[in-house]
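To keep things clear, I will list the structure first and then write my remarks on it.
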Amino acid sequence: MITDIANVRNIGISAHIDSGKTTLTERILYYTKRIRAMHDVKGKDGVGATMDSMELEKERGITIASAATFCQWKGHEINIIDTPGHVDFTIEVERSLRVLDGAILVLCSVGGVQSQSITVDQQMKRYHVPCIAFINKCDRSGADPFRVISQLQSKLGHNAVAMQIPIGLEINFSGVVDLLTMKALYFDGEHGEEVRVEEVPPELEEKARKKREEMLDAISLFSDELTEALLEGGPISEDLILEAVRRGTLARQLTPVFMGSAYKNRGVQPLLDAVSRYLPCPSDVENTALDMDHEEVPVSLSCDPEQPTVAFAFKLEDGAYGQLTYIRVYQGSAARGTTVINARSGKKVKIGRVVRMHADQMEDIDAVNAGYIGALFGIECSSGDTFISPGVNLTMTSMYVPEPVISLAIVPKDNKSQTNLSKALGRFTREDPTFRTHVDQETSETIIEGMGELHLEIYVERMRREYGCEVTTGHPRVAGARETVFIDGIKQGRIPKEFIPAVEKGFRLCLAKGPKMEFPVTGIRVVINDGASHAVDSSDMAFQAAARGAFREAYGRAKPIILEPIMKVVVETPTEFQGAVMGLLNQRRGMIIGAQDEGPQCVVEAQVPLAEMFGYSTVLRSATQGKAQFTMEFAAYRQVPVSIAEKIAEEVAQRKKSAA
Amino acid sequence: MTIREEQIREKLLESLAGKAEGLLEAGRFGAVFAHAGIGKTALMVQLAIRSMLRGKNVLHVSLHDPVQKVALWYEELFQDAARRQGMAGAQRLWESLVPHRFIMTFRVDGFSVPRLAERLEDLAAQGIFRPEMVIIDGFPFEETSLEALADLKKMAGQGGFYGWFTVHTHRYETPEADGIPQRLKPVSSLFDVVLEMTPDKERIRIRSLKGAGLTLEGGSLLLDPSSMLIRAEVAGG
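Protein chains in written order, with our numbering: chain Z, 366 to 1025; chain L, 124 to 360.
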């Protein structure tokens, strides 16, 4: 293990789905000699890229779990957290960002800054993660890295500065000109492993000079020495530039931009150089913990292995040898054979095996020191827990956990599934705080809640594959409850005080399940203004029943309407599929608000009833060759059209009949 | 629609750009020009809301603003007009209007008349939206050929919609003798109505330079800059 913390980088690779970050990671691991062969995400060889460790991820071509892996590059040790790109797995992204010191923001040279890039960028801002940008897929038709740079500036507000210019584009993309050294870089050999340095091609000289000047101008803000050197007009040393870029990047006031094509093996090694040059080492970043003995006052941690230990569990995985806990050590060290305390539960934990992960393979080590990322075996804990040395009482800040938005009823198909279901749910809820579960008391169905339809779909799929648990699912619904007002306006004590709670309970039960359609009833004010009681016959049950009767009578006369959740759906698609995308939304009772044309890409915004969005991702994928993405969030409740309301009434009547 | 909602609708129709309605019929084109910030979009949005209140479909094409900003114009002008009429509970009326509106935005450099025509055909073919009024806010007249525009007009006649185009004029431009800006000249034969908006003391005056014109006595409409609502000129006001 390298002892100089200045040569350690903990980085994430964050990006929009399909911008090629898994391929990029794969190439990084190849060039740093952690793997011997290259595979592609949706590989024909059936092996799949190394980072996608779950079978499911390989099949869908998307990355779900953030596997941590490490590699070495020119004397630097780089820990890479592969982060999921889909909006449904935001908690995973947030958790990884929590433990990162820096990140590579991968963008597609064709698609540019897309909605997910915006989400990821906001998360990076929240955790103050400095980043460098990599514009991938420069070999694709329609590639335009400078358009992407201007989007970085206009859409994300980054002070994005090109550190390279491409040599050729699209099919002619053959390398990059490094504006720091003013040399052309080409990538030779079967897998682009040999970097050939040449003079800048004459036709690009002018452009390279112009872009270098722009770059120097932008970074001179971060170095007085550089500004002076520029004013004097003499030669500018590389070190001066390096220092200025690094300073700007660490302060999150500059985003140096690199370009290439991971798939075609171009531009990856210079990106690795950039990671070691410009992204922070663990001691560059200030981390704080909360002191539980002193009203959670933030305390600075020092990146020193000799201090008491503070480590953070950011990821759990169920491996072949039991639970694997990924940790980042902020202070002290987590060594084999030592004892630490779980700050949440107060329980003592003895550290057994300590490993360093490389996707599916692992390497045993003695300890994980401050500033490093590693994994522990056989530790019982939840993700987000803090481990501390006995004697200190610190906790890492509790992570921001968003409320679930979608719920889904699931029913196991057989007895075996029933037993495994609880195991699976126990595991998932511990791994993922945005995934919750409870049992509906009336229907006895198990309800799962999460961040989106795909989020829940993936868990249902994992139940089946990893736990052999087959379930049938209901329709997704919007999670969350609403409030209703109850006012006690009774005069002269016609109903004895002690029965008022029973009356209220009676009403509330009716509200939870409306008498007509069995949906929760909202927007109601209940005022109790009169009543009667009997010295002997009055009871809690009687008043509850009376409330129900009263509710039913008034409810029928109030002409109730059914409201349904309406979702704001935003689809990003290549322009050629715009018509198809609108057609799909239209078929689903969607009301299209607008279509925003942004050159090769366009964004369609619509409001669609949630009930109609079931299975939308599959249909969208097949209609657009998988090139469109969508996000969905709750917008409002709106009245269900008469024809649909009649259909629901029929279904409810049918259900009641068959239940009877 | 309930009686109450019907009343609200009538009241709103009275308050929004009353006399400017009915200037165009299907297959006709109108243009509005003014300097930046005078209220072209406000005028157009009011005409659009009027049409929506009459149950007609409006396609709003914007070359400057994102969808959300255009949507905000509608919402603000509607809510403002409703508030001025002292109407609470207009929310449901508003929700019933929104399906009559479709916003389409383009980047100026990505816009062309054939491209718009293609989109319109696609929407109609799939039965998604058939506009009866089309607004093109920020139309690039200098880059548009007479033929392309004539084709669009033909399409308007067949498709049963009329089009309003806004033109952003600059102070350094000197209009032709009839007041019509030079940029509009090459294609002006295609426009049946041309309106000009100019600041006049504390108001915005809307004048007709061509076409049926505004037949109000006294000759013009005014846009109140504080509310951006249009009203007829009050005698002595």
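Cβ coordinates follow ideal geometry from the N, Cα and C atoms, glycine included.
Only a predicted model underlies this, so the values are computations on that prediction, with no experimental measurement involved.
With 16 or more other Cβ atoms inside 10 Å of its own Cβ, Gly-955/Z counts as buried. Identification of chain Z residues near Gln-249/L by a Cβ-Cβ cut-off of 8 Å yields Gly-944, Met-947, Gly-948 and Asn-951, ordered along the chain. For the region 990-1003 of chain Z, the residues whose beta carbon sits under 8 Å from a beta carbon of chain L are, in order, Arg-1003. Think of a sphere of 8 Å around the beta carbon of Ala-194/L: the chain Z residues whose beta carbon falls inside it are Ile-958 and Gly-959, in chain order. Residue burial is scored here from C-beta neighbours: Ala-1018/Z has fewer than 16 other C-beta atoms within 10 angstroms and is therefore classed as exposed.
Look at Pro-322/L here: in three-state DSSP terms it is strand.
The residue among Val-290/L, Met-210/L, Val-316/L and Ile-303/L with its C-alpha nearest the C-alpha of Gly-150/L is Val-316/L. Interface annotation, Asp-962/Z: in contact with chain L, CB-CB separation under 8 Å.
Cys-967/Z and Glu-661/Z have their C-alpha atoms spaced approximately 47 Å apart. Interface with chain L (8 Å Cβ-Cβ cutoff): Glu-869/Z is excluded. Secondary structure at Tyr-396/Z: helix, using DSSP grouped into helix, strand and coil. Taking 7 Å as the upper bound on Cβ-Cβ separation, chain L lies near no residue of the region 915-938 of chain Z. Note on the region 470-510 of chain Z: whole beta strand (DSSP E) runs with a minimum of 3 residues are 496-501, in chain order. At least one CB of chain Z lies nearer than 8 Å to the CB of Phe-229/L. In this structure, Ile-931/Z is the residue among Pro-670/Z, Ile-931/Z, Glu-579/Z and Thr-940/Z with its C-alpha nearest to the C-alpha of Pro-1006/Z. The secondary-structure analysis by DSSP pairs Ala-654/Z across a beta bridge with Val-664/Z and Met-761/Z. Here Asn-444/Z is buried. Its C-beta has 16 or more other C-beta atoms within 10 Å. In terms of CA proximity to Pro-925/Z, Leu-876/Z leads the group Leu-876/Z, Ile-893/Z and Glu-937/Z. Nearest CB-CB separation between Glu-941/Z and chain L: not below the 8 Å threshold. For the pair Thr-983/Z and Gly-440/Z, the Cα-to-Cα distance works out to about 45 Å. In this structure, the straight-line span from the alpha carbon of Cys-834/Z to that of Gln-783/Z is close to 7 Å. Around the beta carbon of Thr-808/Z, fewer than 16 other beta carbons lie within 10 angstroms, which makes this residue exposed. Contact between Ile-771/Z and Gly-817/Z is confirmed by a C-beta separation of about 6 Å, below the 8 Å threshold. For the C-beta of Glu-970/Z, the chain L residues within less than 7 Å are, from N- to C-terminus, Val-190. The CB of Phe-225/L comes closer than 9 Å to the CB of Ile-957, Ile-958, Gly-959 and Ala-960 in chain Z, given here in chain order. In the DSSP assignment, Arg-374/Z falls within the unbroken beta strand (DSSP E) covering 373-380. Approximately 6 Å separates the beta-carbon atoms of Phe-234/L and Leu-186/L; this is inside 8 Å, confirming the contact. Proximity to Val-973/Z across Tyr-396/Z, Ser-987/Z and Val-934/Z peaks at Val-934/Z, based on C-alpha coordinates. If the five residues before and after Pro-566/Z are omitted, its C-beta is found closer than 7 Å to the C-beta atoms of Ile-532 and Ala-549, all from its own chain and listed in chain order. Against chain Z, the CB of Glu-265/L has no partner CB under 8 Å away; the residue lies outside that interface.
Secondary structure of Asp-902/Z (DSSP, three-state): coil. For Phe-225/L, no alpha helix (DSSP H) run applies; the uninterrupted beta strand (DSSP E) run containing it begins and ends at 224-228, by DSSP.
Thr-592/Z is positioned such that its CB atom lies closer than 8 Å to that of Ser-585/Z. Of the candidates Gly-879/Z, Gly-944/Z and Ala-594/Z, the residue whose Cα lies closest to the Cα of Gly-921/Z is Gly-879/Z.
Among the CB atoms of chain Z, none fall inside 8 Å of the CB of Asp-260/L. With a cut-off of 8 Å on Cβ pairs, the region 664-671 of chain Z is in contact with the region 691-708 of chain Z, counting three or more such pairs.
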